[in-house]
Structure formats: structure tokens, C-alpha cells
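Residue numbers (our numbering): 695 to 900.
For every residue, glycine included, the Cβ atom is placed at its ideal position computed from N, Cα and C.
In this text the structure is predicted, and so the values were computed from the model without any measurement.
Structure first, then comments.
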Amino acid sequence: MSKQKTTINRNQIKSILIKGEKILYMLKPVKAKTLLNLVFRYLKTLGWTFFIFGAVVLGAFFTIEKGDQFDPEWIRYIIGLLAIITASVVTFIFIVILISELLDYRNRFYAVTNQRFIVQHGAVGVGHISLYIKSIFTFAVEVNLADKLLKKGTGSIGFGTGNTKLTGQKADFRFDDIPDVYENYQKFKEIIDTYPIKEVENKIQG
695 MSKQKTTINR NQIKSILIKG EKILYMLKPV KAKTLLNLVF RYLKTLGWTF FIFGAVVLGA
755 FFTIEKGDQF DPEWIRYIIG LLAIITASVV TFIFIVILIS ELLDYRNRFY AVTNQRFIVQ
815 HGAVGVGHIS LYIKSIFTFA VEVNLADKLL KKGTGSIGFG TGNTKLTGQK ADFRFDDIPD
875 VYENYQKFKE IIDTYPIKEV ENKIQG
């Protein structure tokens with residue numbers, strides 16, 4: 695007797711649509727970009743941690759008075775041990791964050807309807823946040839180093855309301871790590887500029 699594989703539909707966005715609301719576009723983040731972002735965050739955190747650690751050790755040496763006696767081997771042992779502990783703690787935290795992000799990735803979807811932009815998220819449970827098209831005053835494309843290294847046309851789009859300034863700060867409402875970011879930017883721009891709009895053909899990307 696053959697076992698039939700059960701596919702879990704994690705995209706629950708349709709369940710929150712209101713009367714008359716229709717999905718125009720559905721997107722999912724690019725996993726490679728999400729993972730590369732995490733690697734960069736890990737390396738950045740590790741680098742800053744060791745920089746601070748080195749500064750503390752250097753500062754401790756400057757406080758040593760001439761008459762103090764220390765065993766060089768013991769000092770090297772303590773410094774090495776503290777460095778290993780520091781790296782282990784940072785790595786453990788990174789692994790926890792990695793697991794959390796991977797769980798969130800399974801449930802993360804972006805949708806554009808004829809009324810709003812929707813983000814589905816959640817590592818364990820599923821939650822939704824949305825931004826109505828009529829409240830969007832500005833939006834911008836963000837392409838970082840990870841996007842450039844991947845060379846897959848990925849990027850993020852941040853959306854702002856009348857009270858939000860995108861320049862110099864990260865937008866609260868975002869479509870992160872989406873494919874074909876410039877192409878999607880043009881589509882979103884048309885939707886926002888011509889709101890209310892006619893229904894267009896559904897398209898799933900990612």
C-alpha cells in the first residue's frame with residue numbers, strides 16, 4: 695500500500711480577504727537571499743564582538759602596573775578560553791536565529807490585492823500585517839550587498855505612509871528579499887498610481 699504525500703498549504707492569505715477583495719499578485723521571498731542575509735549578520739556580529747573583546751583585553755593590559763607578575767602562558771590560556779566562549783555564544787545565538795528565520799520563511803508570503811499589500815509571517819503560528827493602497831504615499835527599492843552577490847535580481851521594497859520617511863531609515867512595512875525587484879516595483883507603482891485599478895491576471899513568483 696503506497697503512502698500518499700500530504701502537502702501543507704502554508705499560504706493562508708486568502709482566509710483574511712474581505713468582501714470584494716481579490717489577489718492580484720502573490721510572492722515569496724528568495725531563500726538564498728534570506729540565508730545570505732543571515733550569514734552577513736552573523737559575520738558582522740562576530741566581527742564586532744571580537745573587536746570589543748580585543749579592546750577590553752588591550753585595555754586590561756594598559757592597567758597592569760610595572761610591579762605586577764603574570765604567567766604569559768596563563769594569560770594566553772585565559773584569552774584563548776574567553777575567545778572560544780565568546781565565539782560559541784555568538785554562534786549559538788546565530789543558530790537559534792537561523793532556525794527561527796527558517797521556520798518563518800516557510801510561512802512568509804507577500805500578496806498584493808486590489809485594496810492592500812499583505813505580509814504573512816510567523817515562525818510557529820501565522821500572522822498577517824497589511825497596508826492599504828490608499829494610505830501609501832511613498833515606496834522605494836533597496837538592493838544590498840547580498841543582492842549584488844547573488845546576481846538574481848533580488849531586493850526589497852519598503853512602503854511608507856504620510857508619516858513615514860524612507861530616506862535614512864528602514865521602512866516598517868516591507869516586502870523583503872523578493873525576486874525581480876525592479877520589475878515588481880514597476881507593477882506596484884502602477885497599482886498605487888492608478889488606484890482603484892482593474893483586476894489583472896494572478897501571478898505567483900519566487
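- DSSP links Ala-805 through a beta bridge to Met-720, Ile-812.
- When the alpha-carbon of Ser-794 is set against those of Ile-778, Gly-816, Leu-776, Tyr-804, the nearest one is in Gly-816.
- Here the segment 735-743 makes no contact with the segment 704-713; the two share fewer than three CB pairs at distances below 8 Å.
- The alpha-carbon of Thr-743 is positioned some 27 Å away from that of Lys-725.
- Each residue's CA atom was taken as its position, placing Ala-840 and Lys-727 some 7 Å apart.
- Annotated as distal: Thr-807 and Ile-872, with beta-carbon spacing of 8 Å or more.
- Boundaries of the alpha helix (DSSP H) harbouring Ala-840: 839-844, taken from the DSSP string.
- Fewer than three beta-carbon pairs drawn from the segment 771-785 and the segment 708-716 are found closer than 8 Å, and the two stretches are therefore not classed as touching.
- Across the set Phe-869, Leu-729, Phe-811, Gly-753, the C-alpha of Leu-729 shows the shortest separation from the C-alpha of Ile-791.
- Separation of Lys-881 and Leu-797 (C-alpha to C-alpha, rounded to the nearest whole angstrom) is 29 Å.
- Sorting Arg-800, Gly-852, Gly-819, Leu-825 by C-alpha distance to the C-alpha of Arg-810 places Leu-825 at the top.
- In the three-state reduction of the DSSP assignment, Ile-851 falls in the strand class, which pools E and B.
- Boundaries cannot be given for Tyr-889, as no alpha helix (DSSP H) includes it and DSSP labels it neither H nor E.
- When DSSP states are grouped into helix, strand and coil, Phe-882 belongs to the helix group.
- If the five residues before and after Asp-870 are omitted, its C-beta is found closer than 7 Å to the C-beta atoms of Pro-723, Ser-850, all from its own chain and listed in chain order.
- The DSSP-derived three-state label of Leu-711 is coil.
- In the DSSP assignment, Val-818 falls outside any beta strand (DSSP E), carrying neither H nor E.
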